[in-house]
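Working notes, structure below.
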Amino acid sequence: MKNRCAWCLSSDLYKEYHDNEWGKPVYDDATIFEFLILETFQAGLSWITILNKRENFRTAFDGFDYKKIARYSEAKQEELLQNPGIIRNKLKVKSAVTNAIAFMEIQEEFGSFSKYIWGFVDGKPIENKPKTLKDITATSAISDALSKDLKKRGFKFVGSTVMYAHMQATGMVNDHVEDCWTRE
2 MKNRCAWCLS SDLYKEYHDN EWGKPVYDDA TIFEFLILET FQAGLSWITI
52 LNKRENFRTA FDGFDYKKIA RYSEAKQEEL LQNPGIIRNK LKVKSAVTNA
102 IAFMEIQEEF GSFSKYIWGF VDGKPIENKP KTLKDITATS AISDALSKDL
152 KKRGFKFVGS TVMYAHMQAT GMVNDHVEDC WTRE
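And the structure:
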């Protein structure tokens, strides 16, 4: 039996996500954007809620294609608000469009969004070694700075807690507990 971080033990979907994605470095813009969308919709909700709806989000949001999302009309946004397979929050749906536009502006400025966001951690993951879940923080000085900069650039639903979760999801920070098998 593999030792895992305790937060993922309640479901097979959680275990699969933990074992195969969480904390693994992601450098491609498309996947980073997917996690950005999912994390912004997760704000105020549990991550398992989002994981359970992930494929519905993928379908509803055109495979997380930020170029398409940036061009969503009011009619498309209204259509999304009628979709029971996703989180139907008007402000979060609007933020997906706003964030897609701002995402592409950063790509233009930095060459890629990956280059921009990974710059906050000097291009390499921060290796925390928490002993237990209680040792894992919800924010950091880096997530504070990232959140502040993204907000300045027009992003929505990118508070420090959301951005720290994004950093964990995309491997910018490794918060697997010390005895988790993924550290082997």
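2 is the number of the first residue of the sequence shown in the numbering used here; add one for each residue after it.
In this text, a Cβ means the ideal position worked out from N, Cα and C, and glycines have one as well.
When the Cα atoms are used, F34 and G112 turn out to be separated by approximately 15 Å. Annotated three-state conformation of I38 is helix, per DSSP.
Bridge pairing for N100: absent [DSSP].
Out of N57, S96 and P85, the CA that lies nearest to the CA of E75 is found in S96. In terms of Cα proximity to D29, the closest of R184, W182 and T171 is T171. For E128, the closest alpha carbon among the candidates D20, K16 and N175 is that of N175. Taken in chain order, the complete alpha helix (DSSP H) segments of 4 or more residues contained in the region 67 to 117 are 67 to 70, 75 to 82 and 91 to 111. Per DSSP, reduced to three states, the secondary structure at N129 is coil, with no helix or strand assignment.
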